[in-house]
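Chains as they are written, first to last, in this note's numbering: chain A, 1 to 180; chain B, 1 to 97. Report on one structure; see the data block that follows.
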Ligand SMILES: [Zn+2]
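Structure below.
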């Protein structure tokens with residue numbers, strides 16, 4: 001008789017709540033890495049139901065779907081309602097590249113009054129509110145891992161990383177959280 | 001930490017997000033197969049490497065991922081300016097001194 005195979009998601013069961021900081025694993029989401037020239041932005045925005053932002057560090061979100069500017073022709077689109085982003089883009093005939101990275105990435109939700117200091121333990125970017133306001137996003141580094149930061153509230157960030165780096169990212173966040 | 005101004009992100013960002021990508025403004029020969037060994041060597045291996053201002057390609061690899069160009073002083077390690085790929089070489093005093 002074959003043993004049942006248990007499927008364990010990245011960061012399953014991981015959680016930390018320390019003074020002024022909380023680390024929670026984000027719920028599974030659909031994710032798309034989108035690359036497109038300016039001519040494709042209108043039809044893609046229409047198909048996704050979001051105006052793809054064109055300014056550095058800008059994001060747009062509506063409902064449970066968001067698009068994060070990563071570069072002049074690159075976006076990360078996240079849908080937390082299980083929406084089929086690939087299907088939405090498939091109707092667009094304008095030249096573009098859409099890659100489903102739903103399972104490549106995972107995310108940690110970091111929140112609390114100490115969130116800037118905890119992230120700055122591994123990220124050298126200026127995360128003060130006037131330079132990195134609510135809604136700002138950026139690809140950057142956290143220790144030795146590449147991450148995408150997205151400030152969802154004054155004291156809350158979503159930290160997207162590759163799932164193979166997620167143990168490292170979570171442990172570094174834990175260490176930073178306990179260091180005060 | 002050195003801050004490097006990315007012309008695509010339009011702000012200074014920590015050096016850890018960047019990667020150096022060699023000398024800038026080296027035109028790739030169109031008649032590669034016809035080059036003599038000496039000319040190929042000059043194109044492929046020989047770099048100006050001056051003491052002073054150098055023009056370099058950089059990539060904002062852990063940011064917007066774009067290649068761009070920078071003028072940097074090899075003596076002070078100071079970035080004098082950065083500009084988008086494809087833009088002309090800026091005129092700066094002291095080049096190649
Ligand atoms: Zn950049």
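Glycine included, every Cβ here is placed at the ideal spot set by N, Cα and C.
_By the three-class DSSP mapping on this structure, what secondary structure does residue 33 (chain B) have?_
Stepping through the second chain from its first residue, residue 33 (chain B) is reached at position 33. Residue state for residue 33 (chain B) is assigned as helix, using DSSP reduced to three classes.
As a quick exercise: from A:41, A:51, A:50, pick the residue whose alpha carbon is nearest that of residue 93 (chain A). Counting from 1 along the first chain, the entry for residue 93 (chain A) is found at position 93. Nearest of A:41, A:51, A:50 to residue 93 (chain A), Cα basis: A:41.
**Q.** Cross-strand partners of residue 109 (chain A) (DSSP beta bridge)
**A.** The count along the first chain starts at 1 and reaches residue 109 (chain A) at position 109. A:24, A:158.
- Quick one: residues with CB closer than 5 Å to any heavy atom of ligand 1, in chain order, please. That query returns the following residues: B:6, B:8, B:9, B:60, B:63, B:64.
**Prompt:** Is the Cβ-Cβ distance between residue 20 (chain B) and residue 58 (chain B) less than 8 Å?
**Reply:** In the second chain, residue 20 (chain B) corresponds to position 20, counting from 1. In the second chain, residue 58 (chain B) corresponds to position 58, counting from 1. Yes.
Exercise for the section: Examine chain B for any beta-carbon lying closer than 8 Å to the beta-carbon of residue 152 (chain A), and answer yes or no. Expected result: Working through the first chain from its first residue, we reach residue 152 (chain A) at position 152. Using a Cβ-Cβ cut-off of 8 Å, residue 152 (chain A) does not count as an interface residue toward chain B, since no Cβ of chain B sits closer than that to its own.
Is it true that the CB of residue 16 (chain B) sits closer than 8 Å to the CB of residue 141 (chain A)?
Taking the first chain and counting its residues from 1, the one referred to as residue 141 (chain A) is at position 141. Taking the second chain and counting its residues from 1, the one referred to as residue 16 (chain B) is at position 16. Cβ distance < 8 Å, so residue 141 (chain A) and residue 16 (chain B) count as in contact.
_I'd like to know if the region 79-93 of chain A and the region 26-33 of chain A are in contact, where contact means that at least 3 CB-CB pairs between them fall below 8 Å._
The region 79-93 of chain A makes contact with the region 26-33 of chain A, as at least three CB pairs between them are under 8 Å.
**Prompt:** Listed in chain order, which residues of the region 86-104 of chain A have Cβ atoms closer than 7 Å to some Cβ of chain B?
**Reply:** So the list is empty, because no residue satisfies the distance condition.
Does the beta carbon of residue 78 (chain B) sit closer than 8 Å to a beta carbon anywhere in chain A? Walking along the second chain from the start, residue 78 (chain B) turns up at place 78. By this cut-off, residue 78 (chain B) is not an interface position.
Using the three-state DSSP reduction, which class does residue 53 (chain A) fall into: helix, strand or coil? Residue 53 (chain A) sits at position 53 when you count from the first residue of the first chain. In this structure, residue 53 (chain A) counts as coil in the three-state DSSP scheme.
(Q) Less than 8 Å between the C-beta atoms of residue 86 (chain A) and residue 98 (chain A), yes or no? (A) For the purposes of this step, residue 86 (chain A) is taken as residue 86 along the first chain, with counting starting at 1. For the purposes of this step, residue 98 (chain A) is taken as residue 98 along the first chain, with counting starting at 1. Between residue 86 (chain A) and residue 98 (chain A), the gap from beta carbon to beta carbon is short of 8 Å.
- Task: For residue 19 (chain B), go through chain A and note every residue whose CB falls closer than 9 Å to its CB, in chain order.
- Result: Position 19 of the second chain, counted from the first residue, corresponds to residue 19 (chain B). The premise fails here: residue 19 (chain B) is roughly 12 Å from chain A at the closest Cβ pair, so nothing lies under 9 Å.
Open item on the list: I'd like the list of long-range same chain contacts for residue 35 (chain A), defined as Cβ closer than 6 Å, with 5 residues on each side in sequence excluded.
Closed with: By 1-based counting over the first chain, the position of residue 35 (chain A) is 35. If we look at residue 35 (chain A) and ignore the five residues flanking it on each side, its Cβ neighbours are 73, 74, 97.
- Leaving out five residues on either side along the sequence, give the residues of the same chain with a beta carbon under 6 Å from the beta carbon of residue 21 (chain A). The residue you call residue 21 (chain A) lines up with position 21 of the first chain. Answer for residue 21 (chain A): 112, 114, 118, 177, listed in chain order.
query = Should the region 142-162 of chain A be regarded as contacting the region 40-47 of chain B, the criterion being three or more beta carbon pairs within less than 8 Å?
reply = At 8 Å Cβ cutoff, the stretches do not touch.
* C-alpha gap between residue 35 (chain B) and residue 10 (chain A), whole angstroms -> Here the question's residue 35 (chain B) lines up with position 35 in the second chain. Here the question's residue 10 (chain A) lines up with position 10 in the first chain. Going by the C-alpha atoms only, they are around 54 Å apart.
Exercise. Determine the direct distance from the alpha carbon of residue 47 (chain A) to that of residue 95 (chain A), and round the result to whole angstroms.
Key: For the purposes of this step, residue 95 (chain A) is taken as the residue at position 95 of the first chain. For the purposes of this step, residue 47 (chain A) is taken as the residue at position 47 of the first chain. Roughly 14 Å between the two C-alpha positions.
Of the residues B:2, B:10, B:18, the one placed nearest residue 67 (chain B), counting alpha carbons only: Counted from its first residue, the second chain places residue 67 (chain B) at position 67. The residue among B:2, B:10, B:18 with its C-alpha nearest the C-alpha of residue 67 (chain B) is B:18.
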